[in-house]
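Contents: one structure, followed by commentary.
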Amino acid sequence: MGRAGLRSAYVSMTCTRGRLPRGSRDLRTARNTFYCYAVPFVWIAPPEQQTTTGVGMWISDIPRIPPDSVDPLVKNYHWLDMDMALFGAYEHDVGLVVLRDRDGGVTEGPGFNVFALVDGVWRTPASGTLHGITRRSAIELLREGGARVEEGPLAAPDLRRADEVLVTSTAGGVIPVTAVDGSPVGAGRPGERTLDLRDRYWARHADPAYSTPVRYDD
Ligand SMILES: Cc1ncc(COP(=O)(O)O)c(C=O)c1O
8 MGRAGLRSAY
18 VSMTCTRGRL
28 PRGSRDLRTA
38 RNTFYCYAVP
48 FVWIAPPEQQ
58 TTTGVGMWIS
68 DIPRIPPDSV
78 DPLVKNYHWL
88 DMDMALFGAY
98 EHDVGLVVLR
108 DRDGGVTEGP
118 GFNVFALVDG
128 VWRTPASGTL
138 HGITRRSAIE
148 LLREGGARVE
158 EGPLAAPDLR
168 RADEVLVTST
178 AGGVIPVTAV
188 DGSPVGAGRP
198 GERTLDLRDR
208 YWARHADPAY
218 STPVRYDD
């Protein structure tokens, strides 16, 4: 960030298998590589949209690749299922999509985790999903604020009837969802508890106890 002179950046660190020597198809001969980069911050939904209209979500019929095939606990870019699901959501003019597992439980979407306030309890899927750092922060902050949070199955009908829905991601923080499958969530506006969590999340970013300053040359 310092070298690029970026004040608000998205920083990525990735390990890859690396390239195979020319002529080889033996994956064991690839030399692993590491790359990292900083680019201007990328929002899943722009901040103005988050606090005004919120975002719409679509529940896809395309199942998430099972954890026995690709372990979702490991951040990876095996995203073809999610990309196909997202193209499906675009057909309904919706920009966020979530996929279910083979039992119908909601898992996650491209780049984010899901929370739904159902019967007074915040539910967030525990299996079939990356345990994202923002998910963990949201759980901590919700509990600090006295809310009940249960990590466990989230069925699609519960997501549809939830009083509030939000997604969490490094690329946007806590993002209010105001419609699921074209029907409004609650009053169809960003939920009060979601906005409170969002404020507390960003306040924590500014807290020196939870941040490391970036050194700039100027
Ligand atoms: C598939 C998937 N789920 C969830 C997340 C959210 O994780 P985090 O809060 O660590 O950004 C990501 C982040 O990129 C992701 O790729």
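Plus 7 on top of the position in the sequence shown (first one is 1) and you've got the numbering used here. Quick reminder that beta carbons are idealized off the backbone N, C-alpha and C, glycines included.
Residues that Met-20 bridges to, as DSSP identifies them: Cys-43
Selected residue, minimal CA-CA separation from Pro-2, among Thr-141, Glu-115, Thr-23 and Pro-54: Here the chain comprises residues numbered 8 to 225, so residue 2 is not present and cannot be evaluated.
Neighbour-count burial assignment, Ser-19, 16 or more Cβ in a 10 Å radius: exposed
Neighbourhood of Gly-118 by C-beta distance below 7 Å, restricted to the same chain and skipping five residues each side: If we look at Gly-118 and ignore the five residues flanking it on each side, its Cβ neighbours are Ile-51, Ser-176 and Ala-178.
Own chain residues within Cβ distance below 6 Å of Arg-130, not counting five before or after: Here Arg-130 has Ala-123, Glu-157 and Leu-161 as same chain residues with Cβ atoms under 6 Å from its own Cβ, once five neighbours each way along the sequence are excluded.
Contact set for Gly-195: own chain, Cβ-Cβ below 7 Å, skip 5 residues either direction: Thr-185 and Ala-186
Segment contact, 8 Å Cβ cut-off, at least three pairs: the region 98-113 with the region 59-73: yes
Assigned secondary structure, Arg-35 (DSSP; H/G/I helix, E/B strand, else coil): helix
Whether Gly-139 touches Asn-120 by CB criterion (9 Å): yes
Beta-bridge partners of Asn-83, as assigned by DSSP: Per DSSP, none; premise fails for Asn-83.
Where Leu-27 sits in the DSSP three-state scheme: coil
Where Arg-211 sits in the DSSP three-state scheme: helix
Straight-line gap, Asp-68 to Arg-222 (C-alpha atoms, nearest Å): Rounded to the nearest angstrom, the gap between the Cα atoms of Asp-68 and Arg-222 is 46 Å.
Cβ-heavy atom distance, Phe-119 to ligand 1, below 8 Å: Because some heavy atom of ligand 1 lies under 8 Å away, the Cβ of Phe-119 counts as near it: yes.
Secondary structure of Ile-182, DSSP reduced to three states: Here Ile-182 carries a strand assignment [DSSP, helix/strand/coil].
Touching by the beta-carbon criterion (3+ pairs, under 8 Å), the region 23-40 and the region 68-77: no
Spatial distance of Ala-96 from Asp-188 (CA atoms): 9 Å
For Pro-196, three-class secondary structure by DSSP: Residue identity differs from the one stated: residue 196 is Arg in this sequence, not Pro. The answer is coil: DSSP assigns Arg-196 none of H, G, I, E or B.
Per DSSP, cross-strand counterpart(s) of Glu-158: Thr-131
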